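Visitor: I'd like to ask you about the structure that follows.
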Amino acid sequence: MSDEKTGKIGVFLRKQLINNAVTILFFFICIAGIILADQPMSYIIGEISSRLFRNLILILALLVPVWAGMGMNFSIVVGAMAAQVGIIVSTNFSLSGITCLIVSFLVSIPLSLVFGNLTGRLFNQTKGQEMITGMILGFFAKGIYDLIFMFLCGPVIPVKNKALLLTNGIGLTTPINLDSATKSALNKIWMVSLDKAIYGGLALFVAVQAALLVWKAWIKKENRKGKKPWGLILGAAGLLAFHIACISSEGFLFALRFTDVPVATGILIAVVCVYITFLSKTKLGSDINAVGQSMPIAVSMGIPADKIRIVAIMISTLLAGLGQLVFIQDIGNFTTYTAHENVGTFSIAALLVGGASIKKANIGHAILGALLFHTMFIISPLAGKNLFNNAQLGEYFRVFVCYAVIAVALALHAWKSVMAKKVSESEGSDEP
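As structure tokens, this is what we get:
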């Protein structure tokens, strides 16, 4: 009996190792890189937190198409282009501050929805090849984008703000810089130190879990006999563990107090997370998951699979536009013709690093992936400089890893599919 139990544990551990190989590898790479980089903890924590708030919505934009069975949506670059168009329009009318960001988003909404609708229709014609189709679509969209803003702005499309034009009056200048009022306008609404933000976030999580528990027990009269409130337990344990870590390490506490985080941006990210969670529990979310699990079965159940796939891409494109807007306001400028190019690749790599696959992805994967992937981005040049006396090697390494992790994830998925097919065939052959 003990041998049987040991065998089951071994199978479980081997399965977890295979499923999370990329995440585990990246974890050890980040630990080694932090040691080799030899940088103050305050610097590393500050850079990681700023990149997390800057990039997370773009990564979250990938989740819904995965649910719908379309894999990683490389076409989120068209949503990023829509956001850049919105900023160009706002800058052309000399808007600034939070007004500029709001108008930019309002301009990007119809563009994102139209682009997403057209992309979804294209994906419906290329079922099973959505990822490569999205990648090629991004290159095609970039060509149209460049044509409009490089050659038509000025001669054909009137530009009111002459500072946007090149000296010859044809095409937009690059980069486009946001004014001081617009740069980090969302971030500057409310800034607090990271230790207060974590305390507040954990306390809010515990309060929400307690409220849900009371609501289910007293309002819905739900029978919770034998059910443990794991959310409340984990939240309270996390709050206690964080408090102990802060009081036991002055250096750690100083690093957190040294780092300011944008609460308004965090609230926006939380709203997106709540929306995605709420969507997963609605009829639409159930239909999206049904289509992703088996399209023929979903169609037989009366679910309009093609329309559901289009809606999933529209949601993804809209969130990508919002994410790119948050990214640009945090940076304060963007290169007019290339800022959107790596949006899809970097976001997909981050999601895969977090343990997601082209069939399964959730908010936890997005957050963990953002932390690990951008930690590697921060420390690899510094580690390369200290280890090889050449920071450029670190730059090469992180670009290589970005594409390698996508290739490894796709290879693992193909391998798992082949193994699952062999297992099903062997089980079928054993039947009498």
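Positions in the sequence shown are counted from 1; adding 10 to them yields the working numbering. Note that beta-carbon positions come from the ideal geometry of N, C-alpha and C, so glycine has one too. All of these numbers come straight from a predicted model, not from anything done at the bench.
For residue 258 and residue 51, I'd like the C-alpha separation in whole angstroms.
Guide: Numbered from 1 along the sequence shown, position 248 holds the residue referred to as residue 258. Numbered from 1 along the sequence shown, position 41 holds the residue referred to as residue 51. The alpha-carbon atoms of residue 258 and residue 51 are separated by roughly 16 Å.
Visitor: Looking only at its own chain, which residues have a Cβ that is under 7 Å from the Cβ of residue 199, when we skip the five neighbours before and after it?
Guide: In the sequence shown, the residue the question calls residue 199 occupies position 189. The residues are 274.
Visitor: Just the C-alpha distance for residue 240 and residue 253, rounded to the nearest angstrom, thanks.
Guide: Sequence index remark: in the sequence shown, residue 240 carries index 230 (1-based). Sequence index remark: in the sequence shown, residue 253 carries index 243 (1-based). Distance between the alpha carbons of residue 240 and residue 253: 20 Å.
Visitor: Check residue 176 in the structure and name its three-state DSSP category.
Guide: Against the sequence shown, residue 176 aligns to sequence position 166. It is coil, neither helix nor strand.
Visitor: Check residue 344 in the structure and name its three-state DSSP category.
Guide: Residue mapping note: residue 344 aligns to position 334 of the sequence shown, counting from 1. In this structure, residue 344 counts as strand in the three-state DSSP scheme.
Visitor: DSSP on residue 271, reduced to helix/strand/coil?
Guide: If you number the sequence shown from 1, residue 271 lands on position 261. It is a strand residue.
Visitor: How many Å lie between residue 42 and residue 399 at the Cα?
Guide: In the sequence shown, counting from the first residue as 1, residue 42 sits at position 32. In the sequence shown, counting from the first residue as 1, residue 399 sits at position 389. Approximately 17 Å between the Cα atoms of the pair.
Visitor: Excluding the 5 residues preceding and the 5 following residue 160 in the sequence, name in chain order all residues of the same chain whose CB lies nearer than 6 Å to its CB.
Guide: For this step, residue 160 is matched to residue 150 along the sequence shown. Once the five neighbours on either side are set aside, the close Cβ partners of residue 160 are 181.
Visitor: Would you decide whether residue 118 is buried or exposed? Buried here means 16 or more other CB atoms lie within 10 Å of its CB.
Guide: Reading the sequence shown from its first residue, position 108 is the one you call residue 118. By the neighbour-count rule (16 or more Cβ atoms within 10 Å), residue 118 is buried.
Visitor: Whole angstroms is fine: what's the gap from residue 378's alpha carbon to residue 179's?
Guide: Translated into the one-based positions of the sequence shown, residue 378 becomes position 368. Translated into the one-based positions of the sequence shown, residue 179 becomes position 169. Whole-angstrom Cα-Cα distance: 46 Å.
Visitor: Which residues does DSSP list as the beta-bridge partners of residue 320?
Guide: Here residue 320 refers to the residue found at position 310 when the sequence shown is read from its first residue. BP columns for residue 320 are empty, so no partner.
Visitor: Name, in chain order, the residues that DSSP records as bridge partners for residue 163.
Guide: Numbered from its first residue, the sequence shown carries residue 163 at position 153. Bridge partners of residue 163: 167.
Visitor: Using the Cα positions of residue 29 and residue 184, report the straight-line distance between them to the nearest angstrom.
Guide: As a position in the sequence shown, residue 29 is number 19, starting the count at 1. As a position in the sequence shown, residue 184 is number 174, starting the count at 1. The straight-line gap from Cα to Cα measures roughly 43 Å.
Visitor: Please state the DSSP three-state secondary structure of residue 196.
Guide: As a first step, residue 196 must be located in the sequence shown, where it is residue number 186. Three-state result, residue 196: coil.
Visitor: Going by DSSP in three states, residue 182 sits in which element: helix, strand or coil?
Guide: Start at 1 with the first residue of the sequence shown, and residue 182 comes out as number 172. DSSP places residue 182 in strand when its eight states are reduced to three.
Visitor: Taking residue 271 and residue 407 to be in contact with their CB atoms under 8 Å, please state how far apart those CB atoms are, rounded to whole angstroms.
Guide: Translated into the one-based positions of the sequence shown, residue 271 becomes position 261. Translated into the one-based positions of the sequence shown, residue 407 becomes position 397. Between residue 407 and residue 271 the Cβ distance is about 28 Å, and since that is not below 8 Å, they are no contact.
Visitor: What residue range is occupied by the uninterrupted alpha helix (DSSP H) comprising residue 203?
Guide: Taking the first residue of the sequence shown as 1, we reach residue 203 at position 193. Here residue 203 belongs to no alpha helix (DSSP H); instead the beta strand (DSSP E) covers 201-203.
Visitor: Using the C-alpha atoms, what's the distance from residue 173 back to residue 347?
Guide: Reading the sequence shown from its first residue, position 337 is the one you call residue 347. Reading the sequence shown from its first residue, position 163 is the one you call residue 173. Taking the straight line from one Cα to the other gives about 17 Å.
Visitor: Mind checking residue 60: buried by the 16 CB within 10 Å criterion, or exposed?
Guide: The residue given as residue 60 occupies position 50 in the sequence shown. So residue 60 counts as buried.
Visitor: Taking the CB atoms as reference points, tell me whether residue 66 and residue 326 lie closer together than 8 Å.
Guide: Counting from 1 along the sequence shown, the entry for residue 66 is found at position 56. Counting from 1 along the sequence shown, the entry for residue 326 is found at position 316. Contact: no.
Visitor: Counting C-beta neighbours from all protein chains within 10 Å, is the total for residue 287 16 or more, i.e. buried, or is it exposed?
Guide: In the sequence shown, counting from the first residue as 1, residue 287 sits at position 277. Exposed, since its Cβ has fewer than 16 Cβ neighbours within 10 Å.
Visitor: Considering Cα atoms alone, identify which of 89, 237 and 247 is closest to residue 216.
Guide: Residue mapping note: residue 216 aligns to position 206 of the sequence shown, counting from 1. Among 89, 237 and 247, the Cα nearest to that of residue 216 belongs to 247.
Visitor: How many angstroms separate the CA atom of residue 403 from the CA atom of residue 39?
Guide: Locating residue 403 in the sequence shown gives position 393, counting from the first residue. Locating residue 39 in the sequence shown gives position 29, counting from the first residue. Residue 403 and residue 39: Cα-Cα distance of roughly 15 Å.
Visitor: Please name the residue, chosen from 116, 204, 103 and 33, that lies closest to residue 58 on a Cα-to-Cα basis.
Guide: Within the sequence shown, numbered from 1, the residue matching residue 58 stands at position 48. Out of 116, 204, 103 and 33, 204 has the C-alpha closest to the C-alpha of residue 58.
Visitor: Unbroken alpha helix (DSSP H) runs of length 4 or more, entirely within the segment 79-121: which are they?
Guide: Taking only runs of at least 4 residues, the alpha helix (DSSP H) segments lying wholly in the segment 79-121 are 86-102.
Visitor: Note down the Cα distance separating residue 268 from residue 209, rounded to an integer number of angstroms.
Guide: Looking up residue 268 in the sequence shown gives position 258. Looking up residue 209 in the sequence shown gives position 199. Taking the straight line from one Cα to the other gives about 15 Å.
Visitor: Within the same chain, show all residues whose beta-carbon is closer than 7 Å to that of residue 170, passing over the 5 residues directly before and after it, in chain order.
Guide: Numbered from 1 along the sequence shown, position 160 holds the residue referred to as residue 170. Cβ within range, chain order: 102 and 103.
Visitor: Go through its chain and collect everything with a Cβ distance to residue 245's Cβ below 8 Å, but skip five positions before and after it.
Guide: For the purposes of this step, residue 245 is identified with residue 235 of the sequence shown, where counting begins at 1. Correct list, in chain order: 212, 215, 216 and 219.
Visitor: Nearest CA to the CA of residue 395: which residue from 27, 32, 23 and 49?
Guide: Against the sequence shown, residue 395 aligns to sequence position 385. Taking only the C-alpha atoms, the option nearest residue 395 is 49.
Visitor: Among 352, 375 and 354, which residue has its Cα nearest to the Cα of residue 362?
Guide: Position 352 of the sequence shown, counted from the start, is the residue given in the question as residue 362. When only C-alpha atoms are compared, the closest one is 375.
Visitor: Would residue 425 be called buried (16 or more neighbouring beta carbons within 10 Å of its own) or exposed?
Guide: By one-based count along the sequence shown, residue 425 stands at place 415. Looking at its Cβ environment, which holds fewer than 16 other Cβ atoms inside 10 Å, residue 425 is exposed.
Visitor: Measuring alpha carbon to alpha carbon, tell me which residue in 357, 393, 397 and 391 is nearest residue 381.
Guide: Taking the first residue of the sequence shown as 1, we reach residue 381 at position 371. When only C-alpha atoms are compared, the closest one is 357.
Visitor: Reducing DSSP to helix, strand and coil, say where residue 187 ends up.
Guide: If you number the sequence shown from 1, residue 187 lands on position 177. Residue 187 falls in the strand class under three-state DSSP.
Visitor: Three or more C-beta pairs under 8 Å: does that hold for the segment 335-353 against the segment 87-99?
Guide: Output reads yes: the segment 87-99 touches the segment 335-353.
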